[in-house]
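Notes to accompany the following structure.
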Amino acid sequence: MSNMKTQICFFSNGGTFDWGTGEQFTFSLTRQIIVYEDAEDDDIWQLSLTFEFEADDDLRSLDNGDKWCHSLSELPEFREYVRRSTAFTACAEHQVRRTVLEYGIAG
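In the numbering used here, the protein residues as written are -18 to 88.
Structure below.
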């Protein structure tokens, strides 16, 4: 894997949406792997874990947000950011409605 360019982690509290199954709040963690230095979209892979919650006033009041982690040296700070985020603490107080695990090409 010496050709691997980078591995990036991404955290998102995507906000509240209704995709036809009722209003929900999403909280997502994604690991992105860029295989080659000059990668095109077909060379970028993602592993995403998304938690969906039934929206209530607490979750609706949260702003959308995200945080990127661009290197392993940033990982401890990234982990603490996620754990201390308003979205993480709010979601810890709610029942997960659905969990989605996806892996595939990002582009």
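Each residue gets a CB set at the ideal place from its N, CA and C atoms; glycine is no exception.
Close-in-space but distant-in-sequence residues of the same chain around residue i (CB under 7 Å, 5 per side omitted)
i   : result
D47 : F(-9), F(-8) and S(-7)
L82 : L30
A87 : Q13, D22, I25, W26 and Q27
N45 : N(-6), G(-5) and G(-4)
R79 : E33
Cβ-based neighbour list, residue i, same chain, cut-off 6 Å, excluding 5 preceding and 5 following
i      : result
D24    : V16 and Y17
G3     : none
S(-17) : Annotation note: pLDDT 47 at S(-17) (below 50); position unreliable, coordinate value reported separately. Closer than 6 Å at Cβ, skipping near neighbours: no residue.
V77    : F32
Alpha carbon of residue i to alpha carbon of residue j, nearest angstrom
i   : j      : result
L56 : G(-4)  : 24 Å
E61 : E74    : 18 Å
C72 : I(-11) : 23 Å
E58 : G1     : 36 Å
S66 : T7     : 14 Å
Cβ-based neighbour list, residue i, same chain, cut-off 8 Å, excluding 5 preceding and 5 following
i   : result
G85 : W26 and Q27
V63 : F(-8), L10, K48 and F69
Three-state class that DSSP yields for residue i in the structure shown
i   : result
E58 : helix
V81 : strand
T7  : strand
T2  : coil
Exercise. Do the region 52 to 60 and the region 36 to 43 touch if we need at least three Cβ pairs shorter than 8 Å?
Worked result: Contact between the region 52 to 60 and the region 36 to 43 is absent, because fewer than three Cβ pairs lie under 8 Å.
For this session: Entirely within the region 21 to 57 and at least 4 residues each: give me those alpha helix (DSSP H) ranges in chain order.
Result: Scanning the region 21 to 57 for uninterrupted alpha helix (DSSP H) segments of 4 residues or longer gives 38 to 41, listed from N- to C-terminal end.
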